[in-house]
Every structure is written in C-alpha cells, then in structure tokens.
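One structure is given below, encoded as structure tokens.
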Amino acid sequence: MGKLLIRNWKIMEKNKIDRRNFIKLGSLGATVVITWPLLNSCNGFASENKITINPDFQADLDFELTAKETDIQLFQGNTTKVWMFEGNVLDGDKTTVQKLGKSYLGPIIRVRKGQKIRVRFKNQLPEESIVHWHGMHVPEEDDGHPKDVIANGETYVYEFEIMNRAGTYWFHPHPHGRTGPQVYNGLAGLFVVTDDEEQRLKLPSGEYDVPVVLQDRQFDNNNQLVYLNRGRMDRMNGFLGNRILVNGNPDIKLSLKSGCAYRLRFLNGSNSRFYKLAWEDGTPLVIIGKDGSLLDSPKSKPYVMLGVAERIDVWLDLKNRPQGSQMIMKSLSFSPGMMGMMGGMMGRGRNNLPLGSTYEILKINIDKTGSNDFELPQRLAEFNKLDPATAVNRNNPRTFRFFMRRMQWTINGRTWEMTGVTEEETVKLDTTEIWEIVNSGGRMMGNGNMMGERGWMRNRGEMERDRGMMGGGMQMPHPFHIHHLQFNILERDVSGVDSRIWNSVKDGFIDEGWQDTVLLMPGMSVKLIMRFEDFKGLFLYHCHNLEHEDMGMMRNFKIE
Ligand code: C2O
Ligand code: CU
Ligand code: CU
C-alpha cells in the first residue's frame, strides 16, 4: 500500500469526486504530498481532510467512533431501525467512553482539559457524514465542517487537544442538508469535559452525575421512526415528534436514591423542539452550569427555557425526599410565537404534543435509598468574562439577522454556501468582537398566500417594521449557535418581542457563563461578546433548528 498523505487539500464546491479520484490515485502506490504553503498561496483558505494518523501526536485517548445502522428493541414487538455511534477505545482509559444503557444514544465521552485525543470516525452509514464536536475549541480540520464529509467505508481522523473548560458539550453529525435526519435517526452523544477547577469543587460524580438527553420522536405502527411526514411544512417549521424520549429511551423514568445529591446534565438533543423545564411540585430548578461552563454560583429558577442544542447542569438534592416518592419534570406551557397560520393551526391539529403545550418530560422514582456527601458549593467557577471595552467593534457590533426571504430561512438574506464567506463574516485572529444576533421574523404571507411573491421584505426599514409583528408574519424562534468558541451574553433586547411571548418565557433564560447556543424568541435580539484565538480557519454559525440548518440557515465565518 502506498503511503498517502493529504494535507491541506483545498475543498471546493464540487470537490467530492475530485477528492475521491485523488485518493484512488494515491492508493495505487504514489506518495502524494500537498503542502500548506503551496495551496495556501494560491487560494484563500485551505482545509485538511485527515484520513491518516499523525504518528507524532501522542494521544491520551485513542478511540474509534463508528456510525452505523442497526436494529434495537425500543418497544415491544418490532425492533426499530436506528443509526447509532459505537465507541471502541483503542488506547487509553477504557472508562472514558461509556455506553449509555441499551439505547441508540451516546456513547458519553468523558475527557479532561489538557488531554490529547484521537478519534477515528468510521462511516458505515449508507450516506456521507462527518462528526462535529459541538462547543469545542478545535482547529478547522477537527471541527466537522460539512466540506469534510466522508463516504461510506471511509475513516476521518481527528486529533486535538482538549482546550475547553469544564462543561457539558456534545457531538453529532454535520453533513450539509442531512444533519436533521442523521441526528433524528439516533446519532448524538455527550462530550463531558472536566478540569482541575471543577474537580476541586467535589461535585457529584460517578453514578451521581446523570445524563438527561431530551429528544422528541414519532414512530409508526411498526415502531419505525417517522421524519418530515408533512414535507415542506415540517422543514419550514422544524420537525416535531409526538413523544419525548430521554437518553434515547421511550420509558422516561430515572431511578435515583433518597439521601443523595445529583448532578443532572440536560441536553436538548431535539431537532427543533424546545422546552420550558420545571419541577411539577414547584421546587425551583437549581442551575450550576450552562453549555461550556459552570456558573459562578448556583442560580435558582422557577423554570428554564432549554433551546435546541443547549445544555444545563442541574443540582438535584434528594436528601430530604423519602424513599418511595417521585419527582416529575414537565415542560410548561408558553407562547412560542410561531408562524401565523401555517404551523400554528395546522401543527396543532396534527400533533398531540404541540410546541408550548404542557407535558411530562421525566419521572424520577426515588425508589432506593443511600447517602453521599456532595454539598452544593456557593462558589462554583471563576470567570474572566470578556470586557466590552476590549472589543474592536464595541460601538458598531456586527449584526446578523435571522429571517425568512423568498420561502427560505436566511441569515442577513444569505443561505448556505459550502465554502462561501463574505467580508461581513471575516474576523481577525486575536481580536474580541461584539455580535448582535437579531431574530427579525419576516413576512411570509403578505396577502395570505404562502407562495405569493408580494410582501417580501426588501429593505431594512421593512424588516424593522416586521420585527415582533405577529399574525401574518412568518416568525419563529431560532436557536443561534456558533462553532469554535464560547461567548458571553452581554444583553438580551426584548423590546421587539410580543408581550404574550415574553411574559410566558421571561424567567427562563440563563445569560451567565460561557455559552455556544442562545435561544432567540421572535423579535428578540442578543449582544454577544466573543474572542477569536489560537486558530485561523473556516467555521460555522447557524440556526440549530436542524430543519432550518439543513435548509440553509447556516453560514461560514472565517478567522484570518
Ligand atoms: Cu451542534 Cu453546527 O452544530
Ligand atoms: Cu457546533
Ligand atoms: Cu431557525
């Protein structure tokens, strides 16, 4: 076998065939080396498709992650066809890659800041895929950009150091146009990072550190997953299932011990559903972490809005809860402010679990007894919050508006291009910036006619007028996510949010800590501060409603 080394291979829009031919050529025996300076000098950016390991990279953890189709017994009767990741540690501590019960979900990967990891992603799916490490600060070639997809039978090698602070991250596929179905079929797992600071706090660990991944799904009479059954309508609105699965399991019970304290790590792993989480008996939710960090101190909330892809770490104290008792978590009712005629009425007619209705999320059966001595620390993590005064654009934030235009969800009127990136989306390495993200809504049916060309927003003025407008406007919540970094939220402007919406969600936002995903209700805007450091490259920002993302509500930004 010829040694094949492909470095910094430039990927263009229609490069997949080229790349494959190229690889075939290589495997005939030629050694092909393309160097960074060569490619870098003749085009704007370069990317690296890593199909071989770097022998100089000393991995603390080296594992295979295989995506494959399989049948599992989710219900009585017929098995269910799902796609799942399977982890297999080749070198390093075997306990760092943990299976999540008998579910399709997972595995959970537990790593520590400073560790070096190598992941050999093997695609055994009947289509292209690539894995993205959501929230992680990694170089471009390890980020799982859609341009780096591999075909069935191929392997992609990730090699990176864990640079993030302790937090609850996750991983999922990221091929363009197919992220929604691939996640929906079962491909997602938690990626949990710890560090020295967190270890000193002695937070609940082992069996007391419990994953709670929330997803909604729909099954047909043969127990098979149903996706996008309403076609274009589902894509516009986002797909909603009609039942909740926790950790990939339709039986939503957790069995925990009286006398113990727990850390519950919630991930909203749904495609487009988001939740207003609360304990049914009115016990406040005690939040200790959000996305990529612990908070500075625990926050008590009556409920929490958990947007798609967001994570919260919840402290649950069962010390005074008797054995035999139960706790129930619900999603409470709220006004999602959606979509005028389209999803609102039709969606409700068809789905017995409409967005914003009240339903059960999770049952906790306190059916055992035990004891542990984890205490809730009053101080959690130290922050070096970014100072707005250090932002290069402090008086002039970069603005990204999320709205619909010509039946397309767009960001500033643009949709996805594989490697396309504009001046507006280009930032400098080692700078701090403020970004303003605006959910502008958008007019969908100016004349009540969905397909009508009239009534599109043509200019900023019109767009402004449409902010927060209800009724005929096509408005939806959008969970904004940016790759490669964690930001701080500077402010959340709700002046354009319909008061019915705002009043139903206003106590549920956590704007502290380091985050990578933020939920924007219609008419809402947020100012985020972020720093671009360590790596140049092409990364993504997008709406994490997976149907919106797949439709093109996703763009590149470039650090140069
Ligand atoms: Cu959860 Cu672009 O990612
Ligand atoms: Cu991400
Ligand atoms: Cu969206």
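Per our numbering, the sequence shown starts with residue -14, numbered consecutively.
Virtual Cβ for every residue (Gly too), placed ideally from N, Cα, C.
Alpha carbons only, please: which of 403, 374, 407 and 400 is nearest the one belonging to residue 416? Position 431 of the sequence shown, counting from 1, holds the residue named residue 416. Comparing Cα-Cα distances from residue 416 to each of 403, 374, 407 and 400, the minimum goes to 374.
Regarding residue 122 and ligand 1, is the C-beta to nearest heavy atom distance less than 7 Å? Your numbering for residue 122 matches position 137 in the sequence shown. For ligand 1, not one heavy atom lies less than 7 Å from the Cβ of residue 122.
Compare the beta carbon distance of residue 495 and residue 346 with 8 Å and say whether it is the shorter of the two. Position 510 of the sequence shown, counting from 1, holds the residue named residue 495. Position 361 of the sequence shown, counting from 1, holds the residue named residue 346. In this structure, residue 346 does not lie closer than 8 Å to residue 495 by Cβ.
Pull every residue with its beta-carbon under 5 Å away from any heavy atom of ligand 2, and keep them in chain order. 119 and 468
Give a yes or no on contact between the segment 386 to 403 and the segment 527 to 544, applying the rule of three or more CB pairs nearer than 8 Å. yes
Beta-carbon proximity of residue 160 to residue 125, cut-off 8 Å: Mapped onto the sequence shown, residue 160 falls at position 175. Mapped onto the sequence shown, residue 125 falls at position 140. Taking 8 Å as the Cβ cut-off, residue 160 and residue 125 do not qualify as a contacting pair.
Can you name the start and end residues of the beta strand (DSSP E) that residue 55 belongs to? Here residue 55 is taken as the residue at index 70 of the sequence shown, counted from 1. Residue 55 -> beta strand (DSSP E) spans 46 to 57.
Could you check what DSSP says for residue 219 in three-state terms: helix, strand or coil? In the sequence shown, counting from the first residue as 1, residue 219 sits at position 234. Of the three classes helix, strand and coil, the one that applies to residue 219 here is helix, per DSSP.
N- and C-terminal bounds of the alpha helix (DSSP H) containing residue 408: Position 423 of the sequence shown holds residue 408. That residue, residue 408, is in no alpha helix (DSSP H); it is neither H nor E in DSSP.
Which residues in the same chain as residue 109 place their Cβ atom closer than 7 Å to its Cβ, once the five residues preceding and following it in sequence are excluded? In the sequence shown, counting from the first residue as 1, residue 109 sits at position 124. So the qualifying residues of the chain are 51, 52, 53 and 137.
Within 10 Å of its beta-carbon, does residue 476 have 16 or more other beta-carbons around it, so buried, or fewer, so exposed? As a working note, residue 476 is residue 491 in the sequence shown. Exposed is the call here.
Are the CB atoms of residue 144 and residue 39 within a distance shorter than 8 Å? Taking the sequence shown and counting its residues from 1, the one referred to as residue 39 is at position 54. Taking the sequence shown and counting its residues from 1, the one referred to as residue 144 is at position 159. Cβ distance < 8 Å, so residue 39 and residue 144 count as in contact.
Beta carbon of residue 201, beta carbon of residue 165: below 8 Å? Here residue 201 is taken as the residue at index 216 of the sequence shown, counted from 1. Here residue 165 is taken as the residue at index 180 of the sequence shown, counted from 1. No, the Cβ-Cβ distance between residue 201 and residue 165 is not below 8 Å.
Apart from the five residues on each side of it in sequence, which residues of its chain come closer than 8 Å, Cβ to Cβ, to residue 111? Here residue 111 is taken as the residue at index 126 of the sequence shown, counted from 1. The residues are 54 and 137.
Quick check on residue 106: does DSSP put it in helix, strand or coil? Position 121 of the sequence shown, counting from 1, holds the residue named residue 106. Here residue 106 sits in strand by DSSP.
Three-way DSSP call (helix, strand, coil) for residue 361 in this model: Looking up residue 361 in the sequence shown gives position 376. It is coil, neither helix nor strand.
I'd like to confirm something about residue 394: is its beta-carbon nearer than 7 Å to some heavy atom of ligand 3, or not? Here residue 394 refers to the residue found at position 409 of the sequence shown. It does: the Cβ of residue 394 is within 7 Å (strictly closer) of some heavy atom of ligand 3.
Answer yes or no: the CB of residue 463 versus the heavy atoms of ligand 4, is any distance below 7 Å? Ligand 4 is not part of this structure, which contains only ligand 1, ligand 2 and ligand 3.
How long is the line joining the alpha carbons of residue 245 and residue 302, rounded to whole angstroms? Within the sequence shown, numbered from 1, the residue matching residue 245 stands at position 260. Within the sequence shown, numbered from 1, the residue matching residue 302 stands at position 317. Looking at the two C-alpha atoms, the distance is approximately 6 Å.
Check the DSSP bridge columns for residue 353 and list the partner residues they point to. Within the sequence shown, numbered from 1, the residue matching residue 353 stands at position 368. Answer is 242, bridged to residue 353.
Select from 489, 528 and 472 the residue whose C-alpha is nearest the C-alpha of residue 517. By one-based count along the sequence shown, residue 517 stands at place 532. Out of 489, 528 and 472, 472 has the C-alpha closest to the C-alpha of residue 517.
For ligand 1, I want to know if residue 523 counts as a neighbour, meaning its beta carbon is within less than 7 Å of at least one of the ligand's heavy atoms. Within the sequence shown, the letter at position 538 stands for residue 523. Checking every heavy atom of ligand 1 against the Cβ of residue 523, none is found closer than 7 Å.
Any idea which residues DSSP pairs residue 286 with across the strands? Numbered from its first residue, the sequence shown carries residue 286 at position 301. Per DSSP, 270.
Tell me the residue span of the beta strand (DSSP E) that contains residue 165. Here residue 165 corresponds to residue number 180 of the sequence shown, with the count starting at 1. From DSSP, residue 165 is part of no beta strand (DSSP E) but of the alpha helix (DSSP H) over 164 to 169.
For residue 275, is the classification buried or exposed, using 16 other Cβ atoms within 10 angstroms of its Cβ as the cut-off for buried? In the sequence shown, the residue the question calls residue 275 occupies position 290. Classification for residue 275: buried.
Local Cβ density within 10 Å of residue 269, reported as buried at 16 or more and exposed below that: By 1-based counting over the sequence shown, the position of residue 269 is 284. Classification of residue 269: exposed, given that the 10 Å Cβ count is below 16.
Name the one or two DSSP bridge partners that residue 117 has. Counting from 1 along the sequence shown, the entry for residue 117 is found at position 132. According to DSSP, residue 117 bridges with 157.
How about the segment 114 to 123 and the segment 58 to 65: do they share at least three Cβ pairs that are nearer than 8 Å? no
Sorry if obvious, but does the Cβ on residue 117 come closer than 7 Å to a heavy atom of ligand 1? Translated into the one-based positions of the sequence shown, residue 117 becomes position 132. Yes - ligand 1 has a heavy atom lying nearer than 7 Å to the Cβ of residue 117.
Residue 60 burial status per 10 Å Cβ neighbour count (16 or more: buried): Taking the sequence shown and counting its residues from 1, one reaches residue 60 at position 75. With fewer than 16 Cβ atoms within 10 Å of its Cβ, residue 60 is classed as exposed.
Quick one: does the C-beta of residue 294 sit closer than 7 Å to a heavy atom of ligand 1? Looking up residue 294 in the sequence shown gives position 309. Flag set: Cβ of residue 294 near ligand 1.
Boundaries (first-last residue) of the beta strand (DSSP E) holding residue 144: Along the sequence shown, read from residue 1 onward, the residue named residue 144 stands at position 159. 140 to 146 is the extent of the beta strand (DSSP E) around residue 144.
Relative to ligand 1, is the shortest distance from any of its heavy atoms to the C-beta of residue 157 smaller than 7 Å? Here the question's residue 157 lines up with position 172 in the sequence shown. At least one heavy atom of ligand 1 is nearer than 7 Å to the Cβ of residue 157, so yes.
Any chance the segment 502 to 518 sits against the segment 461 to 469, with 3 or more Cβ pairs inside 8 Å? yes
Please determine if the segment 182 to 201 and the segment 215 to 222 are in contact, where contact requires at least 3 C-beta pairs separated by less than 8 Å. no
Let me see if you follow: with CB-CB separation under 8 Å, is residue 183 close to chain B or not? Protein chain content of the structure displayed is limited to a single chain, and chain B is not contained in it.
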